[in-house]
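*Asks:*
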Amino acid sequence: MHPTISQLWQDYRMHNPQAPEALPIAYHFCDNEVDAQLCLDLVLAGQKRATASSLAELKLNADAIPQVGDFAIITDWQGRAVCVIRTHTVEFRSFAEVDADFAYIEGEGDRSLTWWREAHFQYFSRVLAETDILVDDNLEIVCEQFELVFGARQA
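Structure representation (structure tokens):
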């Protein structure tokens, strides 16, 4: 764990003493450095306010399923803490049920549902390639909406 993770959380808690003492999960978006940085920049700009994970991927990696009220520390590709987000909505939908409103809130690409479906089909196909999980309209997606509550620039 990069030392900036605990430092950013301490800084957040100094400004928000009601926040839990326990260090939240820390992660970067995406499966490559370019997209991870792009998504991070979109969060910091306020455009990206949601993320989508496949339930299968979370289970395979033994990652916690996000819950309303959860905090998370978003890092860059190298694992350096950049900001804190807090989850306010979690919905489970099939890939086919993800709608244009969610695609827009996720804030990536041109923010359209067509772009979302193409990009996420490719992403899920890559991250689930070595499994027997079928990436299709029935793939269960965890649609998480969040707010940016603290950024490195504020620390």
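The sequence shown runs 467 to 621 under the working numbering.
Heads up, the beta-carbon is just placed ideally off N, CA and C, and yes, glycines get one too.
The model shown is predicted, which means the values in this text are computed figures rather than measured ones.
Excluding the 5 residues flanking T637 on each side, which residues of the same chain have their C-beta closer than 7 Å to its C-beta?
*Replies:* The displayed coordinates of the chain run from 467 to 621. Any statement about residue 637 would go beyond what the structure contains.
*Asks:* Check F612 in the structure and name its three-state DSSP category.
*Replies:* strand
*Asks:* Which whole-angstrom value is the C-beta distance of L521 and E606, which I expect to be below 8 Å?
*Replies:* 4 Å
*Asks:* Three or more C-beta pairs under 8 Å: does that hold for the segment 532 to 541 against the segment 574 to 591?
*Replies:* no
*Asks:* Could you give the DSSP three-state label for V550: helix, strand or coil?
*Replies:* strand
*Asks:* So the candidates are E574, L579 and I599; which of them puts its Cα closest to the Cα of E563?
*Replies:* Residue L579 holds the alpha-carbon nearest to the alpha-carbon of E563 among E574, L579 and I599.
*Asks:* With a Cβ-Cβ cutoff of 8 Å, do T553 and A492 count as a contact?
*Replies:* no
*Asks:* Using alpha carbons as the reference points, say which of F590, D603, F558 and V548 lies closest to I471.
*Replies:* The candidate whose alpha carbon is nearest that of I471 is V548.
*Asks:* Can you name the start and end residues of the beta strand (DSSP E) that S578 belongs to?
*Replies:* Segment: none, S578 is in no beta strand (DSSP E) and carries neither H nor E.
*Asks:* Indicate whether D501 and F561 have their beta-carbon atoms separated by less than 8 Å.
*Replies:* no
*Asks:* Just to confirm my understanding: we take E613, look at its own chain, exclude 5 residues before and 5 after, and list those with CB closer than 8 Å. What are they?
*Replies:* R515, I551, R552 and H554
*Asks:* Could you check what DSSP says for T470 in three-state terms: helix, strand or coil?
*Replies:* helix
*Asks:* Around the Cβ of E499, are there at least 16 other Cβ atoms within 10 angstroms (buried) or fewer (exposed)?
*Replies:* exposed
*Asks:* Kindly indicate which three-state DSSP category R592 falls into: helix, strand or coil?
*Replies:* helix
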